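**Student:** Input: one structure, supplied below.
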Amino acid sequence: MDSSTIILGLIALGLVAYIAFFRRDKLRPLFEQARYQAVMVLFSFPGGILIAAFVSEIIPANLIAGIVGQESGLAGVVVAGLLGGLIPGGPMVSFPIALTIWHAGAGPAQMIAFLTGWSLFAFHRILTFEFPLMGPRFVATRLVASLPLPLLSGAIALALIASGWRV
Amino acid sequence: MNTAAEQPGKPAPANARRIKWQLHAAIFGTLSVLAALACWAIAGEAGVSRGFATAGNQIADIAVQLVFGLVIAASISILLPRDKVARWLGADSGFKGLALASVLGSLMPGAPMAAFPIVVALGQAGARQGTLVAFLTGWAALSIPRLFIWEIPLLGLGFGTLRLVAGLPLPILAGLGTDFIYEQIERRREKAHG
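So the sequence lines, in the order shown, correspond to chains G and D.
The numbering used here numbers the first residue of the first sequence as 1 and each following residue consecutively.
The numbering used here numbers the first residue of the second sequence as 168 and each following residue consecutively.
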């Protein structure tokens, strides 16, 4: 049991205790609500993790490094954003890959696009949580609204670097 | 489709819940099998068993956090002052609502199992879709916790600050885009119904 689990547990305990003492009438609705949402993610949660684990066995990290180096400029930013969007899993999966391409010569702007793409389009997370809880229309809208963002963050980084920002 | 986010206040009736449950099981069962087949085709049996092992560990670790996260989010949902949320993040909160949602989202810890139920709670309490997207984008892309836990330690302070500055506009832009899209949908719906 690691520290974030303990912290979450303490927060949960504190909140339940507060409601039990000060809002007793809300205690049952609390557990009903939690159980309702648990049912919603019951299958998507292990399913999403399984899918991410299989896909991450297939992705060739080394090939990627050649395409998103510092000289690749805006094109590299675009590619990096798309690639990031394909990375399944949490930071435990994405940061080893990010580090690999970072040490293999990816530029900082391309890295930013990569991380932005990964963080926004994490399809495993969409499958596991967002789609079941928020519905297809919300997901589709957020994705459309988010499409330009990896490119935008990479482009801003390129501009900042060009005007002298040292990493 | 009536999801948790679109149904104000109450859980769906038992029938609707049971049907969705089976649909989820079918979809994720199929996708998992497809992913396993793809993995087997490319990475062989070794790849598949590695995949299972990795997934098994992750599921065990995360399941406990998921339970806590659900309890936390349900508690927050119960305790949220609905009228205040509707005022701060609702349909009329405009740009300030987007900015507030972005800041709140970016401060939330990274666990999706806590963040998404909270988003659902905000939606039920009256926040509009644009602010929900700004919140999620702040949480996903701007993530101050991730900045300090992963990016600065692994990639350096210079990179971290660049990433932060380059990412600042993203949640608000995503929120504005979402507002725009929903406005267009509303407009089309009004035209269609006269």
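Heads up, the beta-carbon is just placed ideally off N, CA and C, and yes, glycines get one too.
Note that this is a predicted model, so its numbers are computed, not measured.
Would you mind stating whether glycine 164 of chain G and glutamine 110 of chain G have Cβ atoms separated by less than 8 Å?
**Tutor:** Within the first sequence, the letter at position 164 stands for residue 164 of chain G. Within the first sequence, the letter at position 110 stands for residue 110 of chain G. No, these two residues do not count as a Cβ contact at 8 Å.
**Student:** So does the segment 337–353 of chain D actually touch the segment 274–293 of chain D, counting three or more Cβ pairs closer than 8 Å?
**Tutor:** Taking 8 Å as the limit for Cβ pairs, the verdict is that the segment 274–293 of chain D does not touch the segment 337–353 of chain D.
**Student:** Quick one: what's got a C-beta closer than 7 Å to isoleucine 161 of chain G's C-beta in the same chain, skipping five residues either side?
**Tutor:** In the first sequence, residue 161 of chain G corresponds to position 161, counting from 1. Within the same chain, isoleucine 161 of chain G has close Cβ partners Pro108 and Ala109.
**Student:** Could you tell me which whole alpha helix (DSSP H) segments of length 4 or greater appear in the segment 83–128 of chain G?
**Tutor:** The qualifying runs are 91–103 and 108–121.
**Student:** Would you kindly check if the distance between the Cβ of threonine 116 of chain G and the Cβ of proline 91 of chain G is under 8 Å?
**Tutor:** Residue mapping note: residue 91 of chain G aligns to position 91 of the first sequence, counting from 1. Residue mapping note: residue 116 of chain G aligns to position 116 of the first sequence, counting from 1. Cβ atoms of proline 91 of chain G and threonine 116 of chain G: not closer than 8 Å.
**Student:** Could you tell me which uninterrupted alpha helix (DSSP H) segments, each at least 4 residues in length, are contained entirely in the segment 240–277 of chain D, listed from first to last along the chain?
**Tutor:** If we require 4 residues or more, the alpha helix (DSSP H) runs fully inside the segment 240–277 of chain D come out as 249–256 and 261–274.
**Student:** Taking arginine 137 of chain G as the reference, give the member of D:Leu314, D:Ile348 and D:Leu331 with the closest Cα.
**Tutor:** As a working note, residue 137 of chain G is residue 137 in the first sequence. Out of D:Leu314, D:Ile348 and D:Leu331, D:Ile348 has the C-alpha closest to the C-alpha of arginine 137 of chain G.
**Student:** Among G:Pro46, G:Val93 and G:Gly14, which one has its Cα closest to the Cα of alanine 122 of chain G?
**Tutor:** Position 122 of the first sequence holds residue 122 of chain G. Alanine 122 of chain G has its Cα closest to that of G:Val93, out of G:Pro46, G:Val93 and G:Gly14.
**Student:** Taking only three categories from DSSP, how would you classify alanine 183 of chain D?
**Tutor:** Translated into the one-based positions of the second sequence, residue 183 of chain D becomes position 16. Note that alanine 183 of chain D scores a pLDDT of 47, beneath 50, so its modelled location is shaky; the value from the coordinates is reported in the next line. Of the three classes helix, strand and coil, the one that applies to alanine 183 of chain D here is helix, per DSSP.
**Student:** Which residues in chain G sit within 8 Å of valine 287 of chain D, going by Cβ to Cβ distance?
**Tutor:** Mapped onto the second sequence, residue 287 of chain D falls at position 120. Neighbours of valine 287 of chain D on chain G, chain order: Gln37, Leu133 and Met134.
**Student:** In its own chain, which residues sit with a C-beta less than 7 Å from the C-beta of alanine 301 of chain D, not counting the 5 before and 5 after it?
**Tutor:** For this step, residue 301 of chain D is matched to residue 134 along the second sequence. Excluding positions up to five away in sequence, the list reads Leu265, Ala268, Ser269, Gly272, Pro338, Ile339, Ala341 and Gly342.
**Student:** In angstroms, rounded to a whole number, what distance separates the CA positions of valine 39 of chain G and glycine 223 of chain D?
**Tutor:** Counted from its first residue, the first sequence places residue 39 of chain G at position 39. Counted from its first residue, the second sequence places residue 223 of chain D at position 56. Going by the C-alpha atoms only, they are around 20 Å apart.
**Student:** Quick one: give me the first and last residue of the alpha helix (DSSP H) that glutamate 350 of chain D is part of.
**Tutor:** To locate residue 350 of chain D, count along the second sequence from 1; it is residue 183. Counting along the chain, the alpha helix (DSSP H) containing glutamate 350 of chain D begins and ends at 337–360.
**Student:** Rounding to the nearest angstrom, what Cα-Cα distance links tryptophan 288 of chain D and glutamate 357 of chain D in this structure?
**Tutor:** Position 121 of the second sequence, counting from 1, holds the residue named residue 288 of chain D. Position 190 of the second sequence, counting from 1, holds the residue named residue 357 of chain D. The displayed chain sequence assigns alanine, not tryptophan, to residue 288 of chain D. If I take the Cα positions, the gap works out to 28 Å.
**Student:** So isoleucine 51 of chain G contacts chain D; which residues on that side make the cut at Cβ distance below 7 Å?
**Tutor:** Walking along the first sequence from the start, residue 51 of chain G turns up at place 51. Result: Leu198, Ser199 and Ala202.
**Student:** Since serine 72 of chain G meets chain D, which of its residues come closer than 8 Å, beta carbon to beta carbon?
**Tutor:** Taking the first sequence and counting its residues from 1, one reaches residue 72 of chain G at position 72. Near serine 72 of chain G there are no residues of chain D at all, since even the closest Cβ is about 17 Å away, more than 8 Å.
**Student:** Closest Cβ-Cβ distance between arginine 166 of chain G and chain D: below 8 Å?
**Tutor:** Reading the first sequence from its first residue, position 166 is the one you call residue 166 of chain G. Output row for arginine 166 of chain G: interface = yes.
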